[in-house]
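Numbering (the working numbering), first residue to last: 846 to 1043. Heads up, the beta-carbon is just placed ideally off N, CA and C, and yes, glycines get one too. The model shown is predicted, which means the values in this text are computed figures rather than measured ones.
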Amino acid sequence: MNGRNYKLLDYRLLARSAKLEVPFQSHERVLLDSPALRVMTDLRQVPAATIDADAPMDVAHRFMIRRGVRLLLVTDEHRHVLGLITANDISGERPVTFAVERGIRREDILVRDIMTPREKLEVLLYDEVATAEVGHIVATLKAAGRQHALVADSGREGSGETVRGIFSLSQIARQLGVALASTELAHTFAEIEAAIAR
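This is the structure we're talking about:
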């Protein structure tokens, strides 16, 4: 190797209590007038939590719990986005209605059966988000009655549109310093508004 002698590094056994490192993403405190990008999960920095459309719904739910997320992007083998599924989709009425209509058991429901398909996904545009403030995102989520928003980027010429980021209301609340007592959407917005009014 280039005529140099490189010192060998020492191996040691992994500690019994070792945990898997997670990608770093700043969860710094923000204000409503802070840049919106400070509260966006940037999928160029943090790998997206994805699942196959043919996975059982209960597998998706366990995966969400394990990853500590409430939204999974549904993708194919080429990483094309087919849709998304949220914890609310799984715990809401959609699975019950689907199972009753089809005469199947809950355990037989697949992600594709209850996901929101790509054709129905509304996204925010990265170019607009890049100049927006946190308050704009909170107001947008509140007006839409949503806990999450996907951010799409047209990217480089010829590369096509990509899902560049995700906004999560619970993440925004944490970064605003709001302790959430509930995951119910109306309570979450009320808690954020109450904290801001103080």
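If you check the beta carbons only, do residue i and residue j fall under 7 angstroms apart?
| i | j | result |
| --- | --- | --- |
| Leu955 | Asp998 | no |
| Leu1014 | Gln992 | yes |
State the CB to CB distance for the pair residue i and residue j, rounded to an integer number of angstroms; the pair is presumed to be in contact (CB under 8 angstroms).
| i | j | result |
| --- | --- | --- |
| Gln1020 | Val875 | 5 angstroms |
| Phe1012 | Ile982 | 5 angstroms |
| Gly980 | Asp855 | At roughly 52 angstroms, the Cβ-Cβ gap does not stay under 8 angstroms, so Gly980 and Asp855 are not in contact. |
| Asp887 | Glu952 | Their Cβ separation, rounded to whole angstroms, is 36 angstroms, which puts Asp887 and Glu952 out of contact at 8 angstroms. |
For residue i, I'd like the list of residues in its chain whose CB is within less than 8 angstroms of its CB, leaving aside the five on either flank, ordered along the chain.
| i | result |
| --- | --- |
| Leu927 | Ala898, Val919, Thr920, Asp921, Arg957, Met960, Pro962, Arg963 |
| Arg950 | Ala944 |
| Glu873 | Arg883, Gln1020 |
| Val996 | Met885, Val968, Leu969, Leu970, Tyr971, Val974, Val1008, Arg1009, Gly1010, Ile1011, Phe1012 |
| Ile896 | Val904, Ala905, Phe908, Leu917, Leu918, Val919, Thr920, Ile930, Val956 |
Looking only at its chain, what residues have a beta carbon closer than 6 angstroms to the beta carbon of residue i, apart from the 5 residues adjacent to it on each side?
| i | result |
| --- | --- |
| Ala893 | Leu918 |
| Ala977 | Ala881 |
| Gly1000 | Thr1007 |
Taking all protein chains shown into account, decide if residue i is buried (16 or more other Cβ within 10 angstroms of its Cβ) or exposed.
| i | result |
| --- | --- |
| Arg1009 | buried |
| Arg915 | buried |
| Leu970 | exposed |
| Ile910 | exposed |
| Ala863 | exposed |
| Leu929 | buried |
| Thr931 | buried |
| Ala994 | buried |
Let me see if you follow: with CB-CB separation under 7 angstroms, is residue i close to chain C or not?
| i | result |
| --- | --- |
| Thr976 | Protein chain content of the structure displayed is limited to a single chain, and chain C is not contained in it. |
Is there contact between the stretch 930 to 942 and the stretch 980 to 989, where contact requires at least three CB pairs shorter than 8 angstroms?
-> With a cut-off of 8 angstroms on Cβ pairs, the stretch 930 to 942 is not in contact with the stretch 980 to 989, counting fewer than three such pairs.
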